[in-house]
Amino acid sequence: MSKENLHAQRQKRALNIVWTAAGRYDFRPAFLSFYADGEPDLYLNSIVGLVHRHYDAEKLTAYLQNTLDKSLLGELFTELFWLGLEAAAYEKELPARPVLASLRRQHAARFLREDVDLSFQQLMMRQELAHNLKCARCREILGGKPELLNPWDRKLYKALQFTGQMRTDDIIAAMEGIIKRFFRFHWYGAPRKALHFSLSPRLKALLHKILPLHSRYGEDFAAGILLPATGGVDCGEKFFWPGAKVGRRSEAELSRLYGEPLFSQERLSGIEGKLCRGIHRHAQLWFTRETGKPQSENWDFFQQQQMWFRTELRELTRRLQNALLVHRQPMELPARSGRLAPGWVWRGVKLQDSRVFTAAEKASYADFSVMLLLDASDSRKGRQMVIATQAYLLAEALGLAGIRLAAASFFSQGGCTILRLLKGFDDTSNQGIFAYKAQGWNRDGLALRAVPELWGEIPGRKLLFILTDADPSDEQPIPAEGLGTAKNYGGLPAREDAAQGVKYLKAQGFAVMALINSLISAELVTEAAGKIYGSSYIHLQDLSHMASKVGDMLEKEIFSHDG
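FYI, in the numbering used here the residues of the sequence shown are 929 to 1491.
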């Protein structure tokens, strides 16, 4: 069956699920839900149908299109509204359809396993708030705790538990109450009465370009004030658009927030003068060292994976040691003097070739060093434990093979890109990697250009191995040129900048490889990763095949140079 026919067949199956649940076939749903492998999501498509069965679809559509969609935070509000609708429709239908409970549990387990839902992914690519709340609900469905640390998140999560007794008007009123309570805009401290900025699509799109809005909210937003995600700025002003203006923060503030600096202020200023140019001219850099304890969830997950870890570690270490051993062996080459090679004497007689001796060429292998760079943006939160364990496996195997290694993480907040050293080249333990924590954004292009500063003067070949989702995105926009408008640092412009960062490193003699662990579909990941890293990447969603795939990649790098 062709891909087109398979796609059409799956679309038809999803539609039939929706229509069956709705008990009618005279409408086209706003969206259909599919898993990462393209199969229709039976539970969520059933929920879409049940919403049409039990509620006034005309009122809901009007509310979605004429109120929520026209808001500047329309995508986020729509996601939250559907979370509420899911709870209400499930509770209302459950007495008549007990099997729904089993379908809901299956959906929750698969959602957490894959940590992505393509139907929601199509509606919002980077709505981390909504995604985190969905993860919390799935954990609760499976009998666990929501695991929401922020009190504001917990209150919002509870408010979105719409009940089966609610009617259409009640549901709309509940959503309006949520917007008023949790997303109240403040204009220099004075609350505005308007809850939504109702705009035409063209004006809304223009404002999104001029005043980039994103979906990662800091504590100041949680308090009801729409400010930059990191909160305070030294200039004493309040800004109500994320990314519109972020004051340059002092060394004291950065030290307090992220840790003591690795470099002197003089050196840091020199680095920023060299790297914070062009589209990064309004950005800051901060280099620090991780001094905290391992994240408990990282360590607990690692302990649960001991059998897998030991097996993969043995295999990857063996492959690396063998590759290095073979690469170090001297080669026997034909020569005009040296040790006589009896098997080559005929060449002198028949071919008049005087090279009948052998000379051992010294191994051209020069020791090289490796740095693991972990993308620590907030979108990695759902994969944080897996990424930390993957990085620790790589570090242990490389160390056992005798390769010098360091590890660092990077993220950006409030216009500053932070590179945090988890393990230095001279550190004997790799356990600092378990302190890896996902937070903030990721301005990949700037972080990549800053990596050599962490390497110092270590000689030999240098390999950067980045663990990422190949999806750079930052709250600080790309500055406007001339009379133009600022652009979001995301999508194609951000990927192009990251690709330039890779070229910058390669021009200085660095090899760059990527291990892609992404929440989005393989097709989109392949396109993005290819744009940034060319063919120098592998795609690993879980812990399986680490030794095989990473081993292949590292062996290729070891044998790709003569020194």
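A virtual CB, placed ideally from N, CA and C, is assigned to each residue, including glycine.
One or two residues paired with Cys-1492 in a DSSP bridge:
Residue 1492 falls outside the range modelled here, since the chain spans only 929 to 1491, and no answer is possible.
Given that a residue counts as buried once 16 or more other Cβ atoms are within 10 Å of its Cβ, and exposed if not, what is Leu-1013?
Residue numbering aside, residue 1013 sits at position 85 when the sequence shown is read from its first letter. Of the residues assessed, Leu-1013 falls on the buried side of the cut-off, its CB having 16 or more other CB atoms within 10 angstroms.
Can you name the start and end residues of the alpha helix (DSSP H) that Asn-1226 belongs to?
The count along the sequence shown starts at 1 and reaches residue 1226 at position 298. 1224-1232 is the extent of the alpha helix (DSSP H) around Asn-1226.
Top-ranked residue by Cα proximity to Leu-1468, from Ser-1305, Ile-1315, Leu-1333
Indexing the sequence shown from 1 puts residue 1468 at position 540. Residue Ile-1315 is the option with its Cα nearest to Leu-1468.
Cβ of Leu-1349 within 8 Å of Cβ of Leu-1190?
Numbered from its first residue, the sequence shown carries residue 1349 at position 421. Numbered from its first residue, the sequence shown carries residue 1190 at position 262. Cβ atoms of Leu-1349 and Leu-1190: closer than 8 Å.
Stretch-stretch touch, CB-based, cutoff 8 Å, three pairs: the stretch 970-989 with the stretch 1090-1101:
Counting Cβ pairs under 8 Å, three or more are found: they touch.
Can you find the residues in the same chain that come closer than 7 Å, C-beta to C-beta, to Thr-948, ignoring five residues on each side of it along the sequence?
Counting from one through the sequence shown, the residue named residue 948 turns up at place 20. Gly-977, listed in sequence order.
Opening and closing residue of the beta strand (DSSP E) in which Trp-1214 lies:
Locating residue 1214 in the sequence shown gives position 286, where the first residue counts as 1. Run containing Trp-1214: 1212-1217, per the beta strand (DSSP E) assignment.
In the structure shown, what three-state DSSP assignment does Thr-948 receive?
Position 20 of the sequence shown holds residue 948. Here Thr-948 sits in helix by DSSP.
Is the separation between the beta-carbon of Pro-1400 and that of Ala-1422 shorter than 8 Å?
The count along the sequence shown starts at 1 and reaches residue 1400 at position 472. The count along the sequence shown starts at 1 and reaches residue 1422 at position 494. Taking a C-beta distance under 8 Å as the contact criterion, Pro-1400 and Ala-1422 qualify as a contact pair.
Do you know how far the Cα of Phe-1009 is from the Cα of Gly-1418?
For the purposes of this step, residue 1418 is taken as residue 490 along the sequence shown, with counting starting at 1. For the purposes of this step, residue 1009 is taken as residue 81 along the sequence shown, with counting starting at 1. Each residue's alpha carbon lies about 25 Å from the other.
Let me confirm a value: Gln-1341 is counted as buried when at least 16 other C-beta atoms fall within 10 Å, else exposed. Which label applies?
Position 413 of the sequence shown, counted from the start, is the residue given in the question as residue 1341. Result: buried.
Straight-line gap, Glu-1483 to Gly-1437 (C-alpha atoms, nearest Å):
Along the sequence shown, one-based indexing puts residue 1483 at 555. Along the sequence shown, one-based indexing puts residue 1437 at 509. If you take the alpha carbons of Glu-1483 and Gly-1437, they lie about 18 Å apart.
Please report the straight-line C-alpha distance between Asn-898 and Leu-1077, rounded to a whole angstrom.
Here the chain comprises residues numbered 929 to 1491, so residue 898 is not present and cannot be evaluated.
Where do the ends of the beta strand (DSSP E) carrying Thr-1317 lie?
Residue 1317 sits at position 389 when you count from the first residue of the sequence shown. No beta strand (DSSP E) contains Thr-1317, which is instead part of the alpha helix (DSSP H) from 1312-1328.
Between Leu-1382 and Val-1440, is the Cβ-Cβ spacing less than 8 Å?
In the sequence shown, residue 1382 corresponds to position 454, counting from 1. In the sequence shown, residue 1440 corresponds to position 512, counting from 1. In this structure, Val-1440 does not lie closer than 8 Å to Leu-1382 by Cβ.
Is the stretch 1212-1227 in contact with the stretch 1356-1368, if contact means three or more CB pairs nearer than 8 Å?
Enough Cβ pairs lie closer than 8 Å, so yes.
Does the count of Cβ pairs from the stretch 1364-1380 and the stretch 1422-1431 closer than 8 Å reach three?
Taking 8 Å as the limit for Cβ pairs, the verdict is that the stretch 1422-1431 does touch the stretch 1364-1380.
Quick check on Asn-994: buried or exposed, where buried means 16 or more other Cβ atoms within 10 Å of its Cβ?
Position 66 of the sequence shown, counted from the first residue, corresponds to residue 994. It is exposed - the Cβ of Asn-994 has fewer than 16 other Cβ atoms within 10 Å.
Simplified DSSP state of Ile-1466, which is helix, strand or coil
In the sequence shown, residue 1466 corresponds to position 538, counting from 1. Strand, per DSSP.
Apply the 10 Å Cβ neighbour rule to Pro-968 and answer buried if 16 or more other Cβ atoms are within range, or exposed otherwise.
The residue given as residue 968 occupies position 40 in the sequence shown. Pro-968 is buried by the Cβ-count criterion.
Residues near Ala-1036 by beta carbon distance below 8 Å, same chain, minus five either side:
Taking the first residue of the sequence shown as 1, we reach residue 1036 at position 108. So the qualifying residues of the chain are Arg-1065, Cys-1066, Arg-1067, Ile-1069, Leu-1070.
Could you round the C-beta distance between Asp-1397 and Ile-1444 to whole angstroms and report it? I think they count as a contact, below 8 Å.
One-based indexing of the sequence shown puts residue 1397 at position 469. One-based indexing of the sequence shown puts residue 1444 at position 516. Taking the Cβ atoms as the reference, Asp-1397 lies roughly 7 Å from Ile-1444, within the contact range of under 8 Å.
Tell me the DSSP secondary structure of Leu-1300 in three-state form.
Taking the first residue of the sequence shown as position 1, residue 1300 is located at position 372. Strand.
Which residues does DSSP list as the beta-bridge partners of Leu-1439?
Position 511 of the sequence shown, counted from the first residue, corresponds to residue 1439. Sequence inspection shows Ala at residue 1439; the Leu mentioned does not correspond to that position. Beta-bridge pairing by DSSP links Ala-1439 to Leu-1391.
Is DSSP giving Phe-1009 helix, strand or coil here?
As a position in the sequence shown, residue 1009 is number 81, starting the count at 1. DSSP, reduced to helix, strand and coil, places Phe-1009 within a helical segment of the structure shown.
On the DSSP letters alone, give me the boundaries of the alpha helix (DSSP H) that Ser-974 sits inside.
In the sequence shown, the residue the question calls residue 974 occupies position 46. Ser-974 -> alpha helix (DSSP H) spans 970-982.
Return helix, strand or coil for Ile-1107, following the three-state DSSP convention.
Looking up residue 1107 in the sequence shown gives position 179. Helix, per DSSP.
In three-state DSSP terms, what is Lys-1221?
Here residue 1221 is taken as the residue at index 293 of the sequence shown, counted from 1. Lys-1221 sits in coil when the DSSP states are folded into three classes, being neither helix nor strand.
If you draw a straight line from the C-alpha of Asn-944 to the C-alpha of Arg-952, how long is it?
Reading the sequence shown from its first residue, position 16 is the one you call residue 944. Reading the sequence shown from its first residue, position 24 is the one you call residue 952. Each residue's alpha carbon lies about 10 Å from the other.
Please classify Tyr-1293 as buried or exposed, where buried requires at least 16 other C-beta atoms within 10 Å of its C-beta.
On the sequence shown, position 365 is the one that residue 1293 refers to. No answer about Tyr-1293 holds up, because its pLDDT of 40 lies below 50 and its placement is not dependable.
Where Ser-1337 and Gly-1330 are concerned, what is the direct C-alpha to C-alpha distance, given to the nearest angstrom?
Locating residue 1337 in the sequence shown gives position 409, where the first residue counts as 1. Locating residue 1330 in the sequence shown gives position 402, where the first residue counts as 1. C-alpha of Ser-1337 to C-alpha of Gly-1330: approximately 23 Å in a straight line.
Looking at C-beta atoms only, is the number of pairs between the stretch 1318-1326 and the stretch 1235-1248 that lie closer than 8 Å three or more?
The stretch 1318-1326 vs the stretch 1235-1248: in contact.
On the DSSP bridge assignment, give the partners of Ser-1401 in chain order.
Taking the sequence shown and counting its residues from 1, one reaches residue 1401 at position 473. DSSP output for Ser-1401 lists Asn-1370 as bridge partner(s).
Examine chain C for any beta-carbon lying closer than 8 Å to the beta-carbon of Gly-1220, and answer yes or no.
The structure shown contains no chain C, having only a single protein chain.
Looking only at DSSP bridge pairs, what is Pro-1026 linked to?
By one-based count along the sequence shown, residue 1026 stands at place 98. In the DSSP assignment, Pro-1026 is bridged to no other residue.
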